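>
Number of protein chains: 2
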Amino acid sequence: MQPTAVTWAVLGLLGIKPMSGYDIKAAVDRTIRHFWAASYGQIYPELKRLEEGGWIAGTDADRGGRARRVYRITAAGRRRLEGWLHGYETRIEMRDESLLRLFFADTLPPGEALGLLAARREGYRMMLAYLRSLDDGEGADPPFVDLVYRWGLDYCEWGIAWCDRQERRLRRAL
Amino acid sequence: MQPTAVTWAVLGLLGIKPMSGYDIKAAVDRTIRHFWAASYGQIYPELKRLEEGGWIAGTDADRGGRARRVYRITAAGRRRLEGWLHGYETRIEMRDESLLRLFFADTLPPGEALGLLAARREGYRMMLAYLRSLDDGEGADPPFVDLVYRWGLDYCEWGIAWCDRQERRLRRAL
DNA sequence: TAGTGCATGTAATGCGTTACATGATTTC
DNA sequence: GAAATCATGTAACGCATTACATGCACTA
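In order, the protein sequences belong to chains U and Y. Taking this note's numbering, I'd label the letters of the first sequence as residues 136 to 309. Taking this note's numbering, I'd label the letters of the second sequence as residues 136 to 309.
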């Protein structure tokens, strides 16, 4: 059982509590998808792989005729998860179309180029609004779950301020 | 000619000056790769596609026996590029393994979990050092090329400060 | 009874990297 | 003469999304 990119997202979530594939997808979308997305097309095959490898175990929990397979992490799986948690690689891959556009903006008239900065700020604002909408007000997330949520909020706020600052600077300079 | 993800990186670079595939790869690695990577396996086929579509034109500039094909953007290509520059999507895709690890850190003993924050800060530091090493001191990049370079530096500095702040906060709280 | 949510899964397609093959030229 | 750099390209593979197929249960 060779771990791939999805492995840790799925295994990590099952480390919190037993879940079905459907639950996992929902949890990903609710929590980590802005920095680690996963689709059904990855999750269901991965659950099979993880079960074959003995890292998780599934049971058919049938809730009134509706098929539902719930997986829980095994002891072996938990050992693997902890091994990964102790790893120290910090690979970040990013694909940011708005930065790419900014990079090529020198050929545009100054006013339009500055408009791209405003558009970027707007992108941050939308992401911020989205993240805030996820906060269900029930509070009491575990400290590191909360920490990562804060990262999203703080990053957006930083980004908005950065665009403001740079827009002012360029407006003076151009 | 249906544009894909690589299209704009390649076309944008050719919008600055004529280049060979090799040059483009080098330019990507020197400038935009931390938020928009591209490999030979994408660049060479894309150059063919762009040429077939009439967005760029290639000429065999042979520099003493060594084969070298230099491409320049056409008028049609420049129109397309400008159309894209005026677009306002701000899609950001990120895959940040260190954030994923932090998200699942609640099962670790507090000291080890805080170690992950320190590891993240170290990641920012390394990226910052890498970005600074790119600055050849020759200065005088066009304003928006410089802007995006600054973004990288500022983002790393913000990230380092964020990790510091959160580490202090959690140390008090845990 | 229509719409939404729960629930599982696969096939086709596209995106992107890695590794390889090939060979000339320049620099030490 | 060895090593680095310039230069082009492809094949195999892996990663990820999208779209589709299927069907039950709950609720307005």
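Virtual Cβ for every residue (Gly too), placed ideally from N, Cα, C. This one's a predicted model, so the numbers in the text were calculated from it and none came from an experiment.
Output needed for Q301 (chain U): all residues of its chain with C-beta closer than 7 Å, excluding positions within five of it in sequence on either side, in chain order.
L252
> DSSP has I208 (chain U) in a bridge; who is on the other side?
As computed with DSSP, I208 (chain U) is found in a beta bridge with U:I191.
> Hey, is M229 (chain Y)'s beta-carbon within less than 8 Å of any beta-carbon in chain U?
A Cβ of chain U is located within less than 8 Å of the beta carbon of M229 (chain Y).
> What does the alpha-carbon distance come out to for the pair E292 (chain U) and Y259 (chain U)?
For E292 (chain U) and Y259 (chain U), the distance between alpha carbons rounds to 8 Å.
> Using the Cα positions of D158 (chain U) and R207 (chain U), report the straight-line distance between them to the nearest angstrom.
12 Å
> Exposed or buried, what is A202 (chain U) when buried is set at 16 or more other beta-carbons lying within 10 Å of its beta-carbon?
exposed
> Which word fits A240 (chain U), buried or exposed, when buried means at least 16 other C-beta atoms lie within 10 angstroms of its C-beta?
buried
> So if DSSP puts E228 (chain U) in a beta bridge, which residue, or which two residues, is it bridged to?
Y:R230
> Can you pull the chain Y residues whose beta carbon is under 9 Å from the beta carbon of I191 (chain U), in chain order?
None at all; the shortest Cβ gap to chain Y is about 15 Å.
> Report buried or exposed for K160 (chain Y), applying the criterion of at least 16 other Cβ atoms within 10 angstroms of its Cβ.
Burial call: buried.
> Could you tell me if D231 (chain U) is buried or exposed, where buried requires 16 or more neighbouring beta carbons within 10 angstroms of its beta carbon?
buried
> Could you compute how far the alpha carbon of L249 (chain Y) sits from the alpha carbon of A196 (chain U)?
37 Å
> Output, in chain order, the set of chain Y residues within a Cβ distance shorter than 9 Å of I167 (chain U).
L234, L235 and F238
> Give me the subset of the region 287-305 of chain U whose CB atoms are less than 7 Å from a CB atom of chain Y, sorted by chain position.
D289, W293, W297, Q301 and L305
> What are the residues in the region 200-229 of chain U lying within 9 Å of chain Y by C-beta distance?
R213, L216, E217, W219, L220, H221, G222, Y223, E224, T225, R226, I227, E228 and M229
> Give me the chain U residues within the contact set of R267 (chain Y), using Cβ-Cβ distance strictly less than 8 Å, ordered along the chain.
Result: empty, since nearest Cβ-Cβ is about 17 Å, beyond 8 Å.
> Could you pull the start and end residues of the alpha helix (DSSP H) that S268 (chain Y) belongs to?
Boundaries of the alpha helix (DSSP H) around S268 (chain Y): P245 to L269.
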